[in-house]
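Residue numbers (the numbering used here), protein chains in the order written: chain A, 1 to 490; chain B, 1 to 95. A short worksheet on the structure shown next.
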Amino acid sequence: MTDSIDLDVSAHQHAVHLRAGDYTSRQLAEVTLARIHDQQSGLNTYITVTDELALAQADAADQRISSGNAVPLTGIPIAIKDLLSTKGISTTAGSKMLYGYQPLYDCTVVDRLQQAGAVIVGKTNLDEFAMGSSNEHSAYGPVKNPWDLERVPGGSSGGSAVAVAGRGVPLSLGTDTGGSIRQPAALCGIVGLKPTYGRVSRYGVVAFASSLEQVGPFGRDATDVANLLAIIAGDDPHDSTTTPEPVPDYTAGFDQGLAGLRIGVPSQFFEDGVDDGVRSAIEEAIAVFEREGAIIDRSVELPTAPASLPVYYIIAPSEASANLARYDGVKYGFSVTDGESVESEMSLTRAEGFGPEVKRRILLGTYALSAGYYDAYYLKAQKVRTLIRREFAAALTDHDLLLTPTTPSVAFRIGEKIDDPYAMYLNDLYTLPVNIAGNPGVSIPCGFDQGLPVGLQLIGRPFDEATLLRATHGYQALTDWHQQAPSLSS
Amino acid sequence: MDLSTDDVRDIALLARIAISDGEVERMRDQLSSILDHFEVLSEIDTDDVPPTAQSFNLTNVERPDVAGDTIDREGALDGAPRSQNGYFRVRAVLD
């Protein structure tokens, strides 16, 4: 029977099969875990595979399905970025610093998944503490792109993107601080959505840059991403930055198509750095929107958006330098215990426990916040941030969405940018502004360049993820880019 | 913006990260080059622009002052590299 389970289907299709009794959640979990173990040596997608937990959750889901209490995610396998705290299950943040660390509580989003009866199959690999755009900055080795094993999957949520792109699971969770969901979604050919800042709880998420980051879903189609977002979104008393805005039915507008959508295409996101192949894939996508009755406006301007890169690389490392001060080798995690003093043990713990990119950012942030430089760097960046927010608000007054490439180029080779931090940072040029402003954004597969996936980014108004998902659904109804799978998973 | 090796050592001390001589040189070069890219910000006029600390300006979020679940002492010490008599243990901070 398990031979007949097709893993190359969406979560909502699995849900239909589970309810019809075509197969059980237990059987689906077994097939999924076999696929995961089979792919692990080639892709290095997971840091921890939670076989036992998954099978227990699958059995519970089967009972719930047979008693008629299932919700859309009940019994569905899902992978979780290893930045999200899971009670009693190793949570490493991709760092040597947290090797062996087992949280004492579940983060809110995992708690909500458990309540929905989802089946958690494992903790996915990532750039250390979510700092990186290629997944090469993981203490647990790089993740490989399933479309070309010599290329990066993007980052920092590379493992979560590959978990879905490699057809192991239909859904996963990542986090996005500067593009860490949308960029790997683009490079791996799947859908990835960063919710509006404050839409999803950050409680129990290992902190990197608290004013920028959000947890969000990866999936292959708009319906799956909408269903997962509906579970994780909403007010949380444990995170005072979540808002009480009601969580709508994100699929409610799916029958409206693309007609009438007013879409701005800002010139600042189409400058010299965009590869020709990416540009032509985006132009073809724009033509699809236009043909279906969307109103495309190329006169929209976001003149300060290019400054998002320096703004981000001041704000994010500054917040990181404060957030990562907690890793002192005293309370949990990696520790050097043979030093001569409290200070030397702490400094050696941090020297050995953190990788080079994390150290670079802590030092950068420490410098930007230090006496004499605060006004020139941190305060200045926070002021420019205001200008960027205002420009997005103005651009989205007369437009429902903005449309841009997600990345200037397709997946690059492993090792290509590792020695040039700034070249690596440039990969997030088009995703960073969205975190600076706080708006929601989604990346949708829209074609190929050199045989590698290209991502289209849509940016929406604050708390209007519904329009992003309506447009995603409308576009996917007319195209089949999201149904193309890398050959290794066939 | 050119940092000196002394600058890098000062920052590393503030950040409590032990740093080798080779690392000091590499970080000086890399951080200096990153700081160069920050110069463009000085060309942007931000007179009379307030800073943004958080995107959507939530203020004064409150909740009733009621005790909830807490972590017990044993659990809190579970992951500690060193503990003694129910406390985290570190080296002496006073001579």
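Note that the Cβ used here is the ideal one computed from N, Cα and C, for glycine as well. Source: prediction; values computed, not measured.
Practice problem: Count the C-beta pairs between the stretch 104-123 of chain A and the stretch 143-154 of chain A that are closer than 8 angstroms, then say yes if the count reaches three, no if not. | Solution: no
Practice problem: Please state whether DSSP places A/Ser490 in a helix, a strand or coil. | Solution: Note that A/Ser490 scores a pLDDT of 41, beneath 50, so its modelled location is shaky; the value from the coordinates is reported in the next line. Residue state, collapsed to three classes: coil.
Practice problem: Return the chain-ordered list of same chain residues with a C-beta closer than 8 angstroms to the C-beta of B/Gly79, the five sequence neighbours on each side being excluded. | Solution: none
Quiz item: Is it the case that the Cβ atoms of A/Tyr99 and A/Tyr332 are separated by a distance below 8 angstroms?
Solution: no
Quiz item: In angstroms, rounded to a whole number, what distance separates the CA positions of A/Leu28 and A/Thr251?
Solution: 25 angstroms
Exercise. Spell out whether any CB of chain A is found under 8 angstroms from the CB atom of B/Gln54.
Key: yes
Practice problem: State the DSSP-derived secondary structure class of A/Thr175, mapped to helix, strand or coil. | Solution: strand
Practice problem: Please list, in chain order, all residues of the same chain as A/Leu364 whose beta carbon is under 6 angstroms from its beta carbon, the five residues on each side excluded. | Solution: Pro317
Exercise. Leaving aside the five residues before and after A/Val9 along the sequence, list all residues of the same chain whose C-beta is less than 6 angstroms from its C-beta, in chain order.
Key: none
Exercise. Verify the CB distance criterion: does B/Gln30 have a CB-CB separation below 8 angstroms to chain A?
Key: yes
Quiz prompt | Endpoints, alpha helix (DSSP H) assigned at A/Gly353 | solution = 342-353
Practice problem: Please determine, among A/Phe463, A/Leu348, A/Ala165, A/Arg413, the residue with the shortest C-alpha to C-alpha distance to A/Leu401. | Solution: A/Phe463
Quiz item: chain B beta carbons: is any one of them nearer than 8 angstroms to that of A/Glu345?
Solution: yes
Self-check item: Where the beta strand (DSSP E) containing A/Val225 begins and where it ends
Solution: Per DSSP, A/Val225 belongs to no beta strand (DSSP E); it is in the alpha helix (DSSP H), 222-232.
Quiz item: In the DSSP assignment, what residue or residues form a beta bridge with A/Lys81?
Solution: A/Thr124
Quiz item: Among the residues of its own chain, which have a CB less than 8 angstroms from the CB of A/Glu292, if the five just before and after it don't count?
Solution: Gly257, Leu258, Ala259, Gly474, Leu478
Exercise. For the alpha helix (DSSP H) holding A/Thr366, just list the boundary residues, first then last.
Key: 356-369
Exercise. Tell me A/Pro217's beta-bridge partners as DSSP assigns them.
Key: A/Leu173
Quiz item: Between the beta-carbon of B/Pro96 and the beta-carbon of A/Ser335, is there less than 8 angstroms?
Solution: No information on residue 96 of chain B is available, as it lies outside the stretch 1 to 95 that chain B covers here.
Quiz item: How about A/Val31 and A/Val121: are their beta carbons less than 8 angstroms apart?
Solution: no
Quiz prompt | Span of the alpha helix (DSSP H), counted from its first residue to its last, around A/Arg19 | solution = 11-20
Quiz prompt | Close beta carbons around B/Thr46, own chain, < 8 angstroms, minus the five adjacent residues each side | solution = none
Self-check item: One or two residues paired with A/Ile295 in a DSSP bridge
Solution: A/Arg262
Quiz item: Taking the alpha-carbon positions, what's the A/Leu396 to A/Thr45 distance?
Solution: 37 angstroms
Practice problem: Could you give the DSSP three-state label for A/Leu212: helix, strand or coil? | Solution: coil
Practice problem: To the nearest angstrom, report how far apart B/Arg26 and A/Asp420 are at their CA atoms. | Solution: 11 angstroms
Self-check item: Same chain, Cβ closer than 6 angstroms to B/Leu3, neighbours up to 5 away in sequence not counted
Solution: Arg28, Leu31, Ser32
Exercise. Identify, in the order they occur along the chain, each residue of the same chain with its Cβ nearer than 6 angstroms to the Cβ of A/Phe269, setting aside the five sequence neighbours on each side.
Key: Thr404, Tyr430
Quiz item: Can you name the residues that DSSP bridges to A/Ile413?
Solution: Reading off the sequence shown, one finds Arg at residue 413 of chain A, where the question assumed Ile. According to DSSP, which records beta bridges pairwise, A/Arg413 is partnered with A/Arg151.
Self-check item: A/Asn69 - partner residues in DSSP beta bridges
Solution: Beta-bridge pairing links A/Asn69 to no other residue.
Quiz item: Looking only at C-alpha atoms, which of A/Ile314, A/Leu261, A/Thr406, A/Ser344 sits nearest to A/Asp275?
Solution: A/Thr406
Quiz item: Contact between the stretch 164-181 of chain A and the stretch 135-143 of chain A: three or more CB pairs below 8 angstroms?
Solution: no
Exercise. Kindly indicate which three-state DSSP category A/Leu7 falls into: helix, strand or coil?
Key: coil
Quiz item: At a Cβ cut of 7 angstroms, what residues of the stretch 94-114 of chain A count as close to chain B, listed as they run along the chain?
Solution: Tyr101, Gln102, Leu104
Quiz item: In the stretch 11-22 of chain B, which residues sit with their C-beta less than 9 angstroms from some C-beta in chain A, listed in chain order?
Solution: Ile11, Ala12, Leu13, Leu14, Ala15, Arg16, Ile17, Ala18, Ile19, Ser20
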